[in-house]
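**Student:**
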Amino acid sequence: MSAHHLESCSACSCSHDSAPKETPITDIPKGHHRDVFIIEAMDCPTEEGLIRRHFANDPLIDQLSFNLIQRKLTVVHNTTTQYIIDAIAELGMEAISEMAASTPTPPKKAFTGSFIIAALSAAAAEILSLFDVHFIIVGFFAILAIVLCGKETYIKGWISLKNRKLNINALMSVAVTGAVLIGELPEAAMVMVLFNLSEMLEARSLDRARNAIAGLMSLTPDEALVLDHGTASMRPVETIAKGSTIRVMPGARIPLDGTITKGSSSIDESPITGESLPIDKTVGDAVYAGSINFEREIEFVTTTTSDNSTLSKIARTIEDAQSQRAPVERFVDQFAAIYTPIVFAIAILVALISPLFGVPVIQSIYNALVMLIIACPCALVISTPVAIVSGLTTAARQGILIKGGSYLETARHIKGLALDKTGTLTEGQPKVTEVITLVHSTHIPSIAAHLAARSDHPMSKAVAAHYQSALNAPLTLHAFTAILGQGTCASIEGAHYYLGNLKLMHAYHIDVSGADTHLARLNDHTGSLLFLADDAKLLAIFVLEDAIKPTTRKAIDALHRLGLSLTILSGDRERTVKNVAAALHLDAARGEQLPEDKLAFIDDFQKNHGAIAMIGDGINDAPALAKADIGFAMGGMGSDTAIETADVAIMDDDLMKVPNFFLISERTISIIRQNITFAIVVKLFFFLLALFGLAEMWMAVIADVGTTFLVVLNALRLLKVKEIQ
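Residue 647 in the UniProt record's numbering sits at position 647 of the sequence shown; the count goes up by one each step and never skips.
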């Protein structure tokens, strides 16, 4: 496998044809198929361009999606996989169906026998030329070196030229051939050897970025101990069905998602949440694939298969995110597409015009050949995707699942942050601390409990839990209705009852004036209020307290230091929301917010102030999360909805993950800027040297691939970004 690819590519000339459709793949037409292919030779926009052009007018191909870092091509088509494999083979690349690839292709050895002989031959040619040894002997060693390590470069270069593309292989082939023709055989041989050596080093560096994602899936064991009718046997994890019972010993990794049925232990969930402290789990609690069982033996029933576990979804989401180019990537690709042809044209002009100004013809051609090597913006093109992949991977390790590199770039434009209260700033587990009964009735506990038990809202759950014993008494509810952002109502034994906030009471014209004294007393209370009423009167008031999370204050301070305007948007009563905002030193607070109110706030902020992010965890937040420039969903672990719909899913409930996301974003964009600036400055410097005849070919090779190598290493520093403490 050639190691040039993404790092040494000439996305230089990567044009994007109008068809097939651009990434990402969404809907699959009826009768079409979706297949994923692994193409070891494809991790550069040049190869992507070749494949796009080849399939551009093919009626059998509907959509293409490229993941260059993982070397994967996803195709929506109406043909056979063999047709696609054969078509890609015509471009000199081997495609393997992901379904057929049982094991990953092992990396090729860096230093093969052929390369070592080529390197020694090139060195011999250089040394012999210094001692004026006969040119036939020098030429023999030089040509031997070029043949041994240049075969693949020439093949790829020919395919590229045949398809009217200029990539690094084509440019190197022309440059080395030109050097041979003007008699610079030792230098031509050394240039080819240096080029191959640098590619190998670059490939090793890029593999670190690729393996970082693959490392997520390696966190699960290959086999698990399955209990079946009293017998225990080790089985491959991919063969274990949903609903199977698995035993996990202390110190072992949990192989699949499931629910504990026997035993209790401390579980390290850091592979999923990034939280290093173990969590105590017992019967009925959920466990997740990749977690580590610390203390005692446990048994659990699986709730997913291996390809549908939370860890698998995280890995797939990161892979999908790589195929969605950030704006800065698209800009770099567009710049690269015009850079190479321009430099190539200048090189030709230098060769043709320089002799008119007294420069020897051979020297003019040599200067042009140096420019050909400079013509490939490899380092420029690789500078962005490796940084973004490293940023996405680091975030995932910290329990932050980002759905695309574009959000890392969008984050730097965010001016404000809207936060839901319940479950975001608070624990999301309110408890009833006071019940104020306004009428004498023994039925209040039963009515309140049954109305609350039908709702998933944390406050309703708290009321149901408070009157748990009342649920044992049967009570029939008719026409039960949950009103988003307000509460619930139902008909019980011919009478209508309502459980919800003040908005619900006002909506049904229920007189609450009889509770004025109590409401005045509770005005400065930080708790939330729920009201129980029938058609005629208010029956009871429930006071609920929801503790603020331990990390909330630290997270708010960190977000303030980022210069963000912070606003609470909550469906809770206005006074409660303002009290919480004051306690946390937030900039603004809006209570009694319906979903449409939250949406309107986001829209207004975008029009008047700029980009805004939204953090929430409930259905009430869904419209605002979708409208916001970045939508954060809290508690993504075990939640399919959060992982699938949020722009950024926080895998646990730790609000500190949000400032950590902004930190990763800032570091990622900073490194991308460093890489782009460095690559352009180096290219410009050596271009000027070549223009004035001061650069040699080997210098241009080292400048090109050396710069690429350095920007890759710089991008990999993102894998070591630490969380804010």
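Ideal Cβ positions, reconstructed from N, Cα and C, are used throughout, including at glycine.
Every value quoted in this text rests on a predicted model; they were computed, and no experiment measured them.
Can you say whether V361 is buried or exposed, counting buried as having 16 or more other CB atoms within 10 angstroms of its CB?
**Tutor:** Numbered from its first residue, the sequence shown carries residue 361 at position 361. Exposed is the call here.
**Student:** Since D629 and T433 are thought to touch, with beta carbons under 8 Å apart, how far apart are those beta carbons, to the nearest angstrom?
**Tutor:** By one-based count along the sequence shown, residue 629 stands at place 629. By one-based count along the sequence shown, residue 433 stands at place 433. About 38 Å separates the two Cβ atoms, so there is no contact after all.
**Student:** Which residues share a DSSP beta bridge with S306?
**Tutor:** Within the sequence shown, residue 306 is the residue found at index 306, counting from 1. Answer is none; S306 lacks a bridge partner.
**Student:** Could you tell me the alpha carbon to alpha carbon distance between N714 and C489, rounded to whole angstroms?
**Tutor:** Within the sequence shown, residue 714 is the residue found at index 714, counting from 1. Within the sequence shown, residue 489 is the residue found at index 489, counting from 1. Going from the Cα of N714 to the Cα of C489 covers about 59 Å.
**Student:** Are F55 and S97 close, meaning C-beta to C-beta below 8 Å?
**Tutor:** The sequence position of residue 55 within the sequence shown is 55, counting from 1. The sequence position of residue 97 within the sequence shown is 97, counting from 1. No, the pair does not count as a contact, with Cβ atoms beyond the cut-off.
**Student:** Give the straight-line distance between the Cα atoms of P24 and M234, rounded to the nearest whole angstrom.
**Tutor:** The sequence position of residue 24 within the sequence shown is 24, counting from 1. The sequence position of residue 234 within the sequence shown is 234, counting from 1. For P24, the pLDDT reaches just 49, beneath the cut-off of 50, and the residue's location in the model is therefore unreliable, although a value from the coordinates is still provided. P24 and M234: Cα-Cα distance of roughly 39 Å.
**Student:** Give the DSSP bridge partners of G500, in chain order.
**Tutor:** By one-based count along the sequence shown, residue 500 stands at place 500. Answer by DSSP bridge pairing, in chain order: G487 and F531.
**Student:** Within 8 Å, do at least three Cβ pairs link the stretch 456-476 to the stretch 551-559?
**Tutor:** Short answer: they don't touch.
**Student:** Output needed for residue 730: all residues of its chain with C-beta closer than 7 Å, excluding positions within five of it in sequence on either side, in chain order.
**Tutor:** The structure shown does not extend to residue 730, since the chain spans only 1 to 725, so no value can be given for it.
**Student:** Could you say if the stretch 69-89 and the stretch 146-165 meet the contact criterion of at least three C-beta pairs nearer than 8 Å?
**Tutor:** No, the stretch 69-89 is not in contact with the stretch 146-165.
**Student:** Assuming G635 and D647 are in contact, meaning their beta carbons sit under 8 Å apart, how far apart are those beta carbons, in whole angstroms?
**Tutor:** Indexing the sequence shown from 1 puts residue 635 at position 635. Indexing the sequence shown from 1 puts residue 647 at position 647. Contact flag wrong, Cβ pair sits at about 15 Å.
**Student:** Can you say whether P385 is buried or exposed, counting buried as having 16 or more other CB atoms within 10 angstroms of its CB?
**Tutor:** The residue given as residue 385 occupies position 385 in the sequence shown. Buried, since its Cβ has 16 or more Cβ neighbours within 10 Å.
**Student:** Starting from the C-beta of A347, find all residues in its chain whose C-beta is less than 7 Å away, skip the five residues before and the five after it, and write them out in chain order.
**Tutor:** Residue 347 sits at position 347 when you count from the first residue of the sequence shown. If we look at A347 and ignore the five residues flanking it on each side, its Cβ neighbours are A368, M371, L372 and A375.
**Student:** Taking the DSSP output, what are the residues bridged to P236?
**Tutor:** As a working mapping, residue 236 is identified with position 236 in the sequence shown. Beta-bridge pairing links P236 to E223.
**Student:** Judging by CA-CA distance, which residue of T259, V543 and G591 is the nearest neighbour of K431?
**Tutor:** Position 431 of the sequence shown, counting from 1, holds the residue named residue 431. Comparing Cα positions, the closest option is V543.
**Student:** Taking just the CA atoms, how far does K657 sit from I246?
**Tutor:** Taking the sequence shown and counting its residues from 1, one reaches residue 246 at position 246. Taking the sequence shown and counting its residues from 1, one reaches residue 657 at position 657. C-alpha separation (whole angstroms): 32 Å.
**Student:** Judging by CA-CA distance, which residue of H609, G527, L91 and S383 is the nearest neighbour of R575?
**Tutor:** For the purposes of this step, residue 575 is taken as residue 575 along the sequence shown, with counting starting at 1. Nearest of H609, G527, L91 and S383 to R575, Cα basis: G527.
**Student:** Does the contact criterion of 3 or more C-beta pairs under 8 Å hold for the stretch 122-138 versus the stretch 58-69?
**Tutor:** As far as the Cβ criterion goes, the stretch 122-138 does not touch the stretch 58-69, which means the pair count is below three.
**Student:** Between the stretch 443-456 and the stretch 684-695, do at least 3 Cβ pairs fall closer than 8 Å?
**Tutor:** With a cut-off of 8 Å, the stretch 684-695 and the stretch 443-456 do not count as touching, because too few Cβ pairs lie within range.
**Student:** Going straight from the alpha carbon of V174 to that of R71, what length do you get?
**Tutor:** Taking the sequence shown and counting its residues from 1, one reaches residue 174 at position 174. Taking the sequence shown and counting its residues from 1, one reaches residue 71 at position 71. Roughly 27 Å separates the two Cα atoms.
**Student:** My output table needs one value for I84: the three-state DSSP class, helix, strand or coil.
**Tutor:** The count along the sequence shown starts at 1 and reaches residue 84 at position 84. In this structure, I84 counts as helix in the three-state DSSP scheme.
**Student:** Compute the minimum distance between the beta carbon of G416 and the heavy atoms of the ligand ADP, and state whether it is under 7 Å.
**Tutor:** Because no ligand of any kind appears in the structure shown, any question about the ligand ADP cannot be addressed here.
**Student:** Cβ atoms of Q398 and E723: under 8 Å apart, would you say?
**Tutor:** Numbered from its first residue, the sequence shown carries residue 723 at position 723. Numbered from its first residue, the sequence shown carries residue 398 at position 398. A contact, by the Cβ cut-off of 8 Å.
**Student:** Taking the Cβ atom as the reference point for each residue, do S291 and I254 lie within a distance shorter than 8 Å?
**Tutor:** Position 291 of the sequence shown, counted from the first residue, corresponds to residue 291. Position 254 of the sequence shown, counted from the first residue, corresponds to residue 254. Yes, they are a contact pair.
**Student:** Exposed or buried, what is D546 when buried is set at 16 or more other beta-carbons lying within 10 Å of its beta-carbon?
**Tutor:** For the purposes of this step, residue 546 is identified with residue 546 of the sequence shown, where counting begins at 1. D546 comes out buried.
**Student:** What is the rounded straight-line gap between the Cα of I260 and the Cα of V301?
**Tutor:** The sequence position of residue 260 within the sequence shown is 260, counting from 1. The sequence position of residue 301 within the sequence shown is 301, counting from 1. Between I260 and V301, the C-alpha separation is close to 6 Å.
**Student:** Relative to the C-alpha of L502, which candidate in G391, I382 and E592 has its C-alpha closest?
**Tutor:** In the sequence shown, counting from the first residue as 1, residue 502 sits at position 502. The residue with the shortest Cα to Cα distance from L502 is E592.
**Student:** What do you get for H457, buried or exposed, if any count of 16 or more other CB atoms within 10 angstroms of its CB means buried?
**Tutor:** In the sequence shown, the residue the question calls residue 457 occupies position 457. Flag for H457 reads buried.
**Student:** What separation, rounded to the nearest whole angstrom, lies between the Cα atoms of D652 and F661?
**Tutor:** Numbered from its first residue, the sequence shown carries residue 652 at position 652. Numbered from its first residue, the sequence shown carries residue 661 at position 661. Looking at the two C-alpha atoms, the distance is approximately 14 Å.
**Student:** Just the Cα atoms here: how many angstroms apart are A649 and N675?
**Tutor:** Indexing the sequence shown from 1 puts residue 649 at position 649. Indexing the sequence shown from 1 puts residue 675 at position 675. Between A649 and N675, the C-alpha separation is close to 28 Å.
**Student:** Using a threshold of 8 Å, state whether the C-beta atoms of I672 and C378 are closer than that.
**Tutor:** The residue given as residue 672 occupies position 672 in the sequence shown. The residue given as residue 378 occupies position 378 in the sequence shown. Not a contact, by the Cβ cut-off of 8 Å.
**Student:** Using alpha carbons as the reference points, say which of P271, R296 and A289 lies closest to T282.
**Tutor:** One-based indexing of the sequence shown puts residue 282 at position 282. Closest by alpha carbon: R296.
**Student:** So for Q363, helix, strand or coil by DSSP?
**Tutor:** Counting from one through the sequence shown, the residue named residue 363 turns up at place 363. Looking at Q363 - three-state DSSP - the assignment turns out to be helix.
**Student:** Determine which residues share a DSSP beta bridge with T426 and list them.
**Tutor:** Walking along the sequence shown from the start, residue 426 turns up at place 426. Beta-bridge pairing links T426 to I548.
**Student:** Let me know if K720 comes out buried or exposed under the rule of 16 or more other beta-carbons within 10 Å of its beta-carbon.
**Tutor:** Stepping through the sequence shown from its first residue, residue 720 is reached at position 720. Exposed, since its Cβ has fewer than 16 Cβ neighbours within 10 Å.
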